[in-house]
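Residue numbers (UniProt numbering): 1 to 164.
We put the beta carbon where it would ideally sit given N, CA and C, even for glycine.
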């Protein structure tokens, strides 16, 4: 494997170095003081504009095999939007029913079915989205409480395997 050489600075401009840096490199090259040039600039951080959740694809496929109804899917997607980092669900069923314009009695049935299917997890007096299906936040970047919530929300069975 050979080394690539840059014969002139025209090639380097495509990397979006500012003019001052390019001029300094050219001056050093003209003097013959530089054999190899490596310019290291801070990496630009990319940030997402909207909140996100991660879906674990093998478990998502298992979710599809559970015959999730349209109403259950509507509730799942709403919960994914409003749940906290660490998968804690802070709204109660009544509020979710109002927000989705659904009957409270229907919401109770949906929550029961989603809990039986392992999508929603009741643990330590709280309700979570199963973090083996979806995770809001990266475990290593969450504070202790939210990281613990994410781990608490992991539910495994014959359909859902441990995702992290």
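As the crow flies, the alpha-carbon of residue 53 is around 5 Å from that of residue 136. Within the model, the alpha-carbon separation for residue 122 versus residue 19 is close to 59 Å. Judged by their CB atoms, residue 86 and residue 146 are nearer to each other than the 9 Å cut-off. According to DSSP, residue pairing for residue 121 in a beta bridge involves 128.
Take the alpha-carbon of residue 72 and the one of residue 90: they are about 18 Å apart. A check of alpha carbon separations from residue 152 across 27, 131 and 103 identifies 131 as the nearest. Nearest to residue 101 by C-alpha distance, out of 78, 148 and 115, is 78. In summary, residue 133 is buried, with 16 or more beta-carbon neighbours lying within 10 Å of its beta-carbon over all protein chains present. In this chain, the alpha helix (DSSP H) harbouring residue 61 covers 57 to 64. Burial of residue 97 is indicated by the presence of at least 16 other C-beta atoms within 10 angstroms of its C-beta.
Our two residues, residue 140 and residue 119, have alpha carbons roughly 23 Å apart in a direct line.
Residue pairing of residue 54 in beta bridges, as defined by DSSP: 135.
In the structure shown, the three-state DSSP call for residue 91 is coil.
In the DSSP assignment, residue 147 falls within the alpha helix (DSSP H) that extends over 144 to 152.
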